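**Q** In the working numbering, the protein residues as written are 1034 to 1498. Beta carbons are placed, not taken as given, at the ideal position from N, Cα and C, and that holds for glycine. Every value quoted in this text rests on a predicted model; they were computed, and no experiment measured them. Okay, here's the structure, questions in a sec.
This is the structure we're talking about:
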């Protein structure tokens, strides 16, 4: 059976081996790759770095536009290249390095040379052989059968002993690989801790979520070590730990302080007086200097049939500076509504709206700015007339992507409706509109920015990035 055994010479998995038999082997740091490098420790390798394909009985390597290049036996790869047994591949000049053992592919057959030989003439003997008596023939037959039996027993012993040795070697090798993988994951934990400490010391934001993520990887690390000490299979726990490390690493790499500083002034607290006298609150964010607010449809048009009698907004960080707003439009297909501020600006605006929310991936980090629980957390002081709203920063990750909904692992509560959801670039990729009640507010739903872009008023299209 064809396949390639990768011998890791450099990188987080140095000293380990991995055998793959697929006809297409994807290589890089992204979790979907077949030959996957560590997200944090193998940063010289790209997310989707290279690809190996089995074509016409030989393996062919292609670089997928990686940042640092792919090198075969020290030469930078251009185009494609056929691989041979013993080749060394470097993913970036200082990145992970592997050597190859290739099995089962088409190889050149050795040339068979025919040599001439002089036949030796033999003359059959005409002398008759002496006739053996019955006792001699029986003895020879017994020796023949006994010899065959001895050879069979010897062969069986060799097979059993050899098979046991092979099984022992495989077991020892598997144990070494397991130990190396565990050591790599533990080392990644240490690296993550340093990154998290540096990020928290710089910004101080998102501390609760980061500490929660750190506690999860510490718990899984302890479970991994205990399971390994018992001699049990650790692959399932290792996969869970690796996924947790990737989520935590996304927290460490994202500059939440910069996202907060660039956008929080454009977030607004929305207060709605309904025609029956009841009040409702929500969150919104401003797109234009003259005041175009995005919020949720149900904030201004509740499902109970009530109509908003009066709408007022106040910008984050301003005390008692309420501005009246009118409903410009309400989406019939999505949880979106647009409000116009009646008093002229200028007003602060967000950094922009992402056109490409369809490119959001599972595990991507997000930041949410809003007012969960309404004025209970928004101002923390006095009556609503003197409210100085301070937006709450929530951080999380993308847990599911659909055309009509980006699902988040984050926190939301009543009052969060209409909150902008930012990606690592600081662009809006969604508008929060609800959460699964049975999840305690931890499964959060958002309208993707692509659907928001499709419904923007003409004068707001300049905000699309």
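Taking 8 Å as the cut-off, does the stretch 1046-1063 touch the stretch 1071-1086 (at least 3 CB pairs, one atom from each stretch)?
**A** A contact exists between the stretch 1071-1086 and the stretch 1046-1063.
**Q** So what's residue 1450 in DSSP terms, helix, strand or just coil?
**A** Reduced to three states, the DSSP call for residue 1450 is coil.
**Q** Any heavy atom of the ligand ATP inside 7 Å of the beta-carbon of residue 1388?
**A** Ligands displayed in this structure: none; no statement on the ligand ATP is therefore possible.
**Q** If I follow the unbroken alpha helix (DSSP H) through residue 1059, where does it start and stop?
**A** Taken as a continuous stretch (DSSP letters only), residue 1059 belongs to no alpha helix (DSSP H), being part of the beta strand (DSSP E) at 1057-1061.
**Q** Work out the CA separation of residue 1329 and residue 1089 for me, nearest whole Å.
**A** Their Cα atoms are separated by approximately 57 Å.
**Q** May I have a chain-ordered list of the alpha helix (DSSP H) segments no shorter than 4 residues that lie completely inside the stretch 1043-1129?
**A** Qualifying alpha helix (DSSP H) stretches: none in this window.
**Q** Enumerate in chain order the residues of its own chain whose CB-to-CB distance from residue 1466 is below 7 Å, with the five nearest sequence positions on each side excluded.
**A** Cβ within range, chain order: 1329, 1368, 1450, 1478, 1479, 1480.
**Q** Within 10 angstroms of its Cβ, does residue 1192 collect 16 or more other Cβ (buried), or is it exposed?
**A** Note that residue 1192 scores 48 on pLDDT, short of 50, meaning its location in the model is unreliable; the coordinates nonetheless yield the value given after this. Classification of residue 1192: exposed, given that the 10 Å Cβ count is below 16.
**Q** Per the DSSP calculation, residue 1362 is bridged to which residue(s)?
**A** 1371.
**Q** Among all the DSSP beta bridges, which residues are the ones paired with residue 1132?
**A** Its beta-bridge partners are 1040, 1121.
**Q** Count the other CB atoms within 10 Å of the CB of residue 1340; is the residue buried (16 or more) or exposed (fewer)?
**A** It is exposed - the Cβ of residue 1340 has fewer than 16 other Cβ atoms within 10 Å.
**Q** Under a Cβ-count criterion, where at least 16 other Cβ atoms within 10 Å of its own Cβ denotes burial, should residue 1425 be classed as buried or exposed?
**A** Classification for residue 1425: buried.
**Q** Spatial neighbours of residue 1104 within its chain, please: C-beta separation below 6 Å, excluding the five flanking residues on both sides.
**A** If we look at residue 1104 and ignore the five residues flanking it on each side, its Cβ neighbours are 1123.
**Q** Taking 8 Å as the threshold (C-beta atoms), are residue 1455 and residue 1464 in contact?
**A** No, the pair does not count as a contact, with Cβ atoms beyond the cut-off.
**Q** How should residue 1459 be labelled, buried or exposed, when 16 other C-beta atoms within 10 angstroms of its C-beta is the threshold for buried?
**A** Buried, because 16 or more other Cβ atoms sit within 10 Å of the Cβ of residue 1459.
**Q** Taking the alpha-carbon of residue 1273 as reference, which of 1130, 1129, 1251 has the nearest alpha-carbon?
**A** For residue 1273, the nearest C-alpha among the options comes from 1251.
**Q** Below 7 Å CB to CB, which residues in the same chain sit around residue 1492 once its five sequence neighbours on both sides are set aside?
**A** Excluding residues within five positions, the ones whose Cβ falls inside 7 Å are 1321.
**Q** Using 10 angstroms around the beta-carbon of residue 1391, count the other beta-carbons present and answer buried if the total reaches 16, otherwise exposed.
**A** Classification for residue 1391: exposed.
**Q** Keeping to the same chain, check which residues put their C-beta closer than 6 Å to that of residue 1433; ignore five residues upstream and five downstream.
**A** Around residue 1433: 1440.
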